[in-house]
Amino acid sequence: MGGYLSSPKEDGGKGNRIAILGGAFDPPTANHLMCAAEVIHSGMADEVWLMPCGPRPDKPKLSKALDRYIMTQISVSSHFSAEMPIHVSDFEVLREEAMATYDLLRLLKEKYPGKLFSFVIGTDWLQPGTDIRAWTSKCPETGSEIVTGDKLLDQFDFLVINRPGYDVEDLKSFGRRMTFLTMPEGIHLMEGNLSSTEVRKRTEKSFSEYQSPELIEGLVTPSCLTYVSRSGLYQSSPSKPVRRTNNTSGNQKRNVAVFGGAFDPPTWSHVTSLAEIVHSGVADEAVMVPCGPRPDKPHLRSPLVRYTMCQLAVNSSFSHSFPARVSNLEVFEEEALATYDSLCRLRDQDPDANFMFVIGTDWLQPGADLRSWTSKDPVTGKEIVTGDKLLEEFDFIVVKRPGYEVEDLKAFGPRMMWMNMPDGMKSTDSNLSSTEVRRRADLSYRAGEEKLQLLDGLIPPAVFNYIKREQIYKPTDLIISGGSWALCAELDASDVPVRLRVSTTSVGFGAASRAAAAAAAAAPVLEDPYQVAVEEAEVDEHEADEEVGDDCDPNVADARERLGRVAMLVLGEADPQE
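Quick note, our numbering runs 742 ahead of the 1-based positions in the sequence shown.
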């Protein structure tokens, strides 16, 4: 599935009727969410996909597509249960500009041939002066506008919602595939007149007069309100956290702690650590920086998925005034940045801040030398040592980790400082890790427990809902059968963990012990979360050995090669036809 983030999973939900609710969602309001819910409640669609549009050259004041996408994800995951079949798609977000409606639906139909797509509109779209037949698309060859409205009306269904004051007498006169959204007997359609325009106006007034977002309380979800406030959206003069600490560089800049990591997924431990950095008084503000793609960790979810989860964690866990945020610094990079390069970019973006890098004492043990850390030369692409510059130009906040003692902190660099809690407060600690969360997700899915109760309480609820709804950590099985590699489900190696199943009979390993040996051989190749399971077939070992042919050598060395090849296939490094 293309892009940094998959569109809603093709196998999600019980049915195939997908209602597309498009819009700018700048911001998504309570009315947008109610509208999406009512489409589901009507029974006329099995899923609703909210589709934030891409950049609009005709609307230069429109917020960035990434901001609108994140606000929509935050709103859905913090407002609905994970079982509510309402998803947010990035189908347009990563494009250079918004797509024409016909092009959008046509491409969705090509990508998901098993789905039946309908487009949701209001009767305000069917008033005098508005003619869907005149809608246009861009010609892919010439770039000129061509009329595609007739094709749109002929090829796709429309779900039409009655809007107060916008009556339509003969719906079919607008197109034979137009259908009013109707509710089941005894249920009235819930609707409202709240608009994004009204929310933007109130936000500007609220911050200019009250320095807070109180005038939009209840109009957007609390998490969305927090994001709006924290991101400075719809404000003429966004404020920054005030300086309240003393830094080691001797100037009056704000201290900003950089908390980097994969965050796959962000856990309550990460959220607590972010809070404790601020509570300690060592920094004025804390910034989560999810890393970009890691060639050494191909199993990581895509950067945008992890960035989305971090935004969900921060904006649903903290108040709008708490000085913590998430940076998209590495989201669109081809590869994760070196620490020195990352800090330099942050410094260039905000010269008024003193950026401080957060590490644990586990990073300062024998054998670990920060001075030897490297970056890529921007000209040659070769690795160059930048560790000395890193230690010289930036402060380090060091968190004590149990079992990892450091006696002389300054021996590692003059700008190292402990993160100590003030006024007799005791710092909090936990062994909760993202690895444990992923492992539990895999165990749950293998046991058929898709409610993921083993994860509940380990990650913020909004993150939990997002993971469940989009099945972020659901494994896809690969079966080795008869020497061929068969995909049991559509595989996107960038964000779907894979479980490898070895069929002992069809591969010809014979004895279960040999299959176990093969699985053990593959384990170093298929790093976490790639799990290897062995089906122990009850067959006669002698008969099985006789079945082994030239193309199915049972020795462990060949098994390692074969399973390693599957790993390459999973990671996109091998041609499945070879």
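In this text, a Cβ means the ideal position worked out from N, Cα and C, and glycines have one as well.
| Asked | Found |
| --- | --- |
| At the level of alpha carbons, what is the spacing between Glu-1135 and Asp-1119? | 18 Å |
| Compute the Euclidean distance between the alpha carbons of Gly-1102 and Pro-770, then round it to the nearest angstrom. | 39 Å |
| With three or more beta-carbon pairs closer than 8 Å as the criterion, would you say the segment 923-932 touches the segment 781-792? | yes |
| What does DSSP give as the partner residue(s) for Glu-887 in the beta ladder? | Lys-880 |
| Report all residues from its chain with a CB closer than 7 Å to the CB of Ser-978; omit the five preceding and five following residues, and keep chain order. | Glu-946, Ser-950 |
| With DSSP as the reference, label Ile-816 as helix, strand or coil. | helix |
| Quick one: Cα of Ser-938 to Cα of Pro-1065, how far? | 26 Å |
| Any idea which residues DSSP pairs Pro-1096 with across the strands? | It should be pointed out that residue 1096 corresponds to Asn in this sequence rather than to Pro. DSSP, once it has assigned bridges, lists Asn-997 as partnering Asn-1096. |
| Just to confirm the assignment, what range does the alpha helix (DSSP H) spanning Val-1020 have? | 1010-1021 |
| Evaluate contact between the segment 763-778 and the segment 807-822, counting only Cβ atoms and requiring at least three cross-stretch pairs below 8 Å. | yes |
| Under the three-state reduction of DSSP, which class applies to Gly-1129: helix, strand or coil? | helix |
| The beta strand (DSSP E) that contains Gln-1118, what's its start and end? | It is worth fixing the name first, because residue 1118 is Lys in this sequence and not Gln. Lys-1118 -> beta strand (DSSP E) spans 1116-1118. |
| Use the C-beta contact count for Gln-1213: other C-beta atoms within 10 angstroms, 16 or more gives buried, fewer gives exposed. | buried |
| Assign Gln-1053 to one of two classes, buried (16 or more other C-beta atoms within 10 Å of its C-beta) or exposed (fewer than that). | buried |
| Rounding to the nearest angstrom, what Cα-Cα distance links Asn-1207 and Ser-1058 in this structure? | 12 Å |
| Would you kindly report the start and end of the unbroken alpha helix (DSSP H) that includes Met-793? | Note, Met-793: premise wrong, no alpha helix (DSSP H); beta strand (DSSP E) at 789-794. |
| If you follow the alpha helix (DSSP H) that Arg-1067 is in, where does it begin and where does it stop? | Arg-1067 -> not in any alpha helix (DSSP H); beta strand (DSSP E) instead, spanning 1066-1068. |
| Considering only the alpha carbon of each residue, which of Ser-965, Asp-892, Pro-799, Thr-843 lies closest to Phe-861? | Thr-843 |
| Can you tell me whether Ile-1019 is buried or exposed? The criterion is at least 16 other CB atoms within 10 Å of its CB, across all chains shown. | buried |
| Indicate the three-state DSSP secondary structure (helix, strand or coil) for Leu-901 in the structure shown. | strand |
| Which of helix, strand or coil does DSSP assign to Arg-759? | strand |
| Considering only C-alpha positions, which residue in the set Gly-1109, Val-1141, Ala-1183, Leu-1112 is nearest to Asp-1171? | Val-1141 |
| Which first and last residues belong to the beta strand (DSSP E) in which His-829 is found? | 828-830 |
| Please go through the same chain and pick out, in chain order, the residues whose beta-carbon is closer than 6 Å to the beta-carbon of Thr-963, but skip the five residues on each side of it. | Ser-817, Ser-820, His-821 |
| Taking C-beta to C-beta, are Met-1159 and Val-1024 nearer than 8 Å? | yes |
| When you compare only the Cα positions, how much space is there between Cys-966 and Ser-1084? | 27 Å |
| Locate the alpha helix (DSSP H) running through Leu-1046, then write down its first and last residues. | 1045-1059 |
| In angstroms, rounded to a whole number, what distance separates the CA positions of Gly-1109 and Pro-1144? | 18 Å |
| Taking Asp-1083 as part of the alpha helix (DSSP H), name the residues at either end of that continuous run. | 1081-1091 |
| Alpha carbon to alpha carbon, how far is Met-932 from Ala-778? | 11 Å |
| Rounded to whole angstroms, what is the Cα-Cα separation between Gly-1291 and Met-1030? | A caution first: Gly-1291 carries a pLDDT of 32, below 50, which makes its placement in the model unreliable, though a value can still be read off. Rounded to whole angstroms, Gly-1291 to Met-1030 spans 54 Å at the Cα level. |
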